[in-house]
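**Student:** Would you mind keeping the following structure in view while I ask a few things?
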Ligand SMILES: Cc1cc2nc3c(=O)[nH]c(=O)nc-3n(C[C@H](O)[C@H](O)[C@H](O)COP(=O)(O)OP(=O)(O)OC[C@H]3O[C@@H](n4cnc5c(N)ncnc54)[C@H](O)[C@@H]3O)c2cc1C
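Residue numbers (our numbering): 30 to 529.
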């Protein structure tokens, strides 16, 4: 993918795209893959970097959702487990099975949770990863030498899947581009154009050059997650809001706090939440929270009380209790939940994760809600709706069996080059070549794109990322044709934003 080549595709304002999709997260890029694979002329515009919104800030699970099973939302769990099966098949390089253990502290819990997870296995049908098992107390201690054992009665082992969310977004962007879609980051949609009260296209501004583009489309899709209401209000200023934002944060700790290959799932905290402790890229990820009434921002801020809440709960389960100084990184994301018609505010943990499609009087198609796991199904429903609305000629959906792009360019770049084959920083698994690949093939345009979303350095360890920043900026500059002043400016900005 090359941004300059993509930009040249929107030079000609007389082109009428079949679809313009606003939003470059899981939902928008899922729609772009689906539409382009059906032969539709597809343009996707993202105001920031691909996945800069919620889609790079998830718990990174492709799962049925044990919480939804507890809530009795069987159709949601079944649909998610079906999608999990397709993703394990279509993106085995990105989505991997992961064993989870539910530790039990009351005598009946091992039996209760094992029964529940057997239902989960049944709902997965032939796509089940492996059977859930009842674990003895000794087996749980064996798997998690650092788990608190006071009162432990046993546990339940079950299987779900884990992925790297921002890498998946890039893979989707490249899958869409392979099917001839035009996908652009840093292009913000500022206005919806209309003719006879029907939407005919958008006006978008390149956030890097300031240039404005007028673009025509038969259908415009609003896949902007928590920003969906702001785009709906570009269409009709008085339209009521439908998004109920809910913030979730994760803390990253050294892997030694868990010292395990398995993840832990805590099914119910005192306040009724689900928590996970998950090994990820050689670190331990612990989360998440569910904080309503947060401001809707592209860079949401973790609250001190959210960090305290997670540390307090980690300390309840881990022998070596982490403290603030052990937190290597924190990241926050906002769930684009759909507001139940009759409520505002209050708890968001019980709002359905189902998706909703809305078609406005002027033809704006808005897709909101859902979850990462179900992005493909959401996209299929949305594109079906768009085809029907604008009477587009298209092939049937084919994403159930469509392989998702696999990239191994950084290996090729590193081959025969000792310098690029070396690690960017001793605390990370990433080679210097991955920064080159990010700029050359994945449309990374800034240091933060490369360190937060092409590699995941920033999410894993802020201090080490700041240490790696000057070298990463130098590598990027070489690829992007930037000078010393750019290297200095990018490095200083990164350290100012993310340094201690
Ligand atoms: C803490 C947390 C944990 C989660 N964990 C999981 C999990 O483990 N598994 C799971 O299945 N789901 C999970 N989810 C849910 C999942 O992450 C989201 O449902 C999904 O990422 C939403 O994707 P999206 O594309 O709809 O929104 P986003 O990723 O937010 O994408 C919308 C994009 O639209 C862009 N945009 C907005 N306005 C404009 C404009 N005017 N012009 C151009 N672009 C615009 C934004 O910049 C943004 O990038 C989690 C969510 C959170 C918050």
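Heads up, the beta-carbon is just placed ideally off N, CA and C, and yes, glycines get one too. Remember, it's a predicted structure, so these values are computed and weren't measured experimentally.
In whole angstroms, what separates the C-alpha of residue 374 from that of residue 275?
**Tutor:** With a pLDDT of 45 at residue 374, under the threshold of 50, the predicted position of this residue should be treated as unreliable, and no value is reported.
**Student:** In chain order, what residues of the same chain have a beta carbon less than 7 angstroms from the beta carbon of residue 268, not counting five sequence neighbours either side?
**Tutor:** Result list for residue 268: 261 and 262, in chain order.
**Student:** For the region 346–363 against the region 470–489, are there 3 or more C-beta pairs whose distance is under 8 angstroms?
**Tutor:** Contact holds: three or more Cβ-Cβ distances are below 8 angstroms.
**Student:** Please return the same chain residues whose Cβ sits closer than 6 angstroms to the Cβ of residue 509, not counting the five positions on each side in sequence.
**Tutor:** Only 468 meet the Cβ criterion.
**Student:** What does a CB cutoff of less than 7 angstroms around residue 392 pick up in its chain, not counting 5 residues either side in sequence?
**Tutor:** Excluding positions up to five away in sequence, the list reads 227, 228, 248 and 418.
**Student:** With which residues is residue 364 paired in a DSSP beta bridge?
**Tutor:** According to DSSP, residue 364 bridges with 275.
**Student:** Where DSSP assigns a beta bridge to residue 124, which residues make up the other side?
**Tutor:** Per DSSP, 192.
**Student:** May I ask you to check if the CB of residue 309 is nearer than 8 angstroms to at least one heavy atom of ligand 1?
**Tutor:** Residue 309: no, Cβ never under 8 angstroms from ligand 1.
**Student:** Within the chosen definition, does the region 184–191 reach the region 151–169 through at least 3 CB pairs nearer than 8 angstroms?
**Tutor:** Output reads yes: the region 151–169 touches the region 184–191.
**Student:** Say the cut is 8 angstroms; is the CB of residue 226 nearer than that to a heavy atom of ligand 1?
**Tutor:** It does not: the Cβ of residue 226 is nowhere closer than 8 angstroms to a heavy atom of ligand 1.
**Student:** Which one of 251, 230 and 253 has the shortest CA to CA distance from residue 242?
**Tutor:** Out of 251, 230 and 253, 230 has the C-alpha closest to the C-alpha of residue 242.
**Student:** Residue 471 lies in the alpha helix (DSSP H); which residues open and close that run?
**Tutor:** Taken as a continuous stretch (DSSP letters only), residue 471 belongs to no alpha helix (DSSP H), as it is neither H nor E.
**Student:** Do the CB positions of residue 81 and residue 53 come within less than 9 angstroms of each other?
**Tutor:** For residue 81 and residue 53, yes; Cβs fall inside 9 angstroms.
**Student:** Where residue 57 and residue 73 are concerned, what is the direct C-alpha to C-alpha distance, given to the nearest angstrom?
**Tutor:** Spanning the two alpha carbons is a distance of roughly 7 angstroms.
**Student:** Going by DSSP in three states, residue 314 sits in which element: helix, strand or coil?
**Tutor:** Here residue 314 sits in strand by DSSP.
**Student:** Answer yes or no: the CB of residue 77 versus the heavy atoms of ligand 1, is any distance below 8 angstroms?
**Tutor:** Yes, the beta carbon of residue 77 sits closer than 8 angstroms to at least one heavy atom of ligand 1.
**Student:** Just the Cα atoms here: how many angstroms apart are residue 128 and residue 208?
**Tutor:** Roughly 35 angstroms between the two C-alpha positions.
**Student:** If you draw a straight line from the alpha carbon of residue 304 to that of residue 225, how long is it in whole angstroms?
**Tutor:** Answer to the nearest angstrom: the Cα atoms are 50 angstroms apart.
**Student:** Starting from the Cα of residue 440, find the closest Cα among 427, 426, 458 and 519 and give me that residue.
**Tutor:** Checked all of 427, 426, 458 and 519; the closest Cα to residue 440 is 458.
**Student:** Taking C-beta to C-beta, are residue 519 and residue 476 nearer than 9 angstroms?
**Tutor:** Yes, Cβ-Cβ distance for residue 519 and residue 476 is below 9 angstroms.
**Student:** What residues in its chain sit with their C-beta under 7 angstroms from that of residue 55, if we drop five residues either side in the sequence?
**Tutor:** The answer, listed in chain order, is 84, 198, 401 and 404.
**Student:** Could you compute how far the alpha carbon of residue 217 sits from the alpha carbon of residue 196?
**Tutor:** The straight-line gap from Cα to Cα measures roughly 22 angstroms.
**Student:** For residue 139, name the three-state secondary structure that DSSP assigns.
**Tutor:** In the structure shown, residue 139 sits in a helix (DSSP, three-state: H, G or I).
**Student:** Per DSSP, residue 248 forms a beta bridge with which residues?
**Tutor:** DSSP output for residue 248 lists 48 as bridge partner(s).
**Student:** Is the beta carbon of residue 321 within less than 8 angstroms of some heavy atom of ligand 1?
**Tutor:** The answer is no for residue 321.
**Student:** As a quick exercise: from 152, 289, 484 and 450, pick the residue whose alpha carbon is nearest that of residue 537.
**Tutor:** Any property of residue 537 remains undetermined from this structure, which presents the chain solely from 30 to 529.
**Student:** Can you name the start and end residues of the alpha helix (DSSP H) that residue 168 belongs to?
**Tutor:** Counting along the chain, the alpha helix (DSSP H) containing residue 168 begins and ends at 166–172.
**Student:** Is there contact here, the region 271–285 with the region 303–319, by at least three beta-carbon pairs under 8 angstroms?
**Tutor:** The region 271–285, when compared against the region 303–319, does touch it at the 8 angstroms Cβ threshold.
**Student:** Does ligand 1 have even one heavy atom less than 8 angstroms from the beta-carbon of residue 262?
**Tutor:** No, since every heavy atom of ligand 1 falls outside the 8 angstroms radius drawn around the Cβ of residue 262.
**Student:** Taking 9 angstroms as the threshold (C-beta atoms), are residue 265 and residue 390 in contact?
**Tutor:** Yes, the Cβ-Cβ distance between residue 390 and residue 265 is below 9 angstroms.
**Student:** Please name the residue, chosen from 204, 110, 178 and 140, that lies closest to residue 428 on a Cα-to-Cα basis.
**Tutor:** Closest by alpha carbon: 204.
**Student:** Comparing the CB of residue 86 with every heavy atom of ligand 1, is any distance shorter than 8 angstroms?
**Tutor:** Checking every heavy atom of ligand 1 against the Cβ of residue 86, one is found closer than 8 angstroms.
**Student:** Consider the C-beta atom of residue 386 and the heavy atoms of ligand 1; say whether any pair is separated by less than 8 angstroms.
**Tutor:** No - ligand 1 has no heavy atom lying nearer than 8 angstroms to the Cβ of residue 386.
**Student:** Is the region 293–308 touching the region 337–346, taking contact as three or more C-beta pairs under 8 angstroms?
**Tutor:** Flag = yes, the region 293–308 and the region 337–346 touch.
**Student:** With distances taken from CA atoms, which of 140, 312 and 246 is nearest residue 280?
**Tutor:** Selected option, being the one with the closest Cα: 312.
**Student:** Let me know if residue 148 comes out buried or exposed under the rule of 16 or more other beta-carbons within 10 Å of its beta-carbon.
**Tutor:** By the 10 Å Cβ count, residue 148 comes out exposed.
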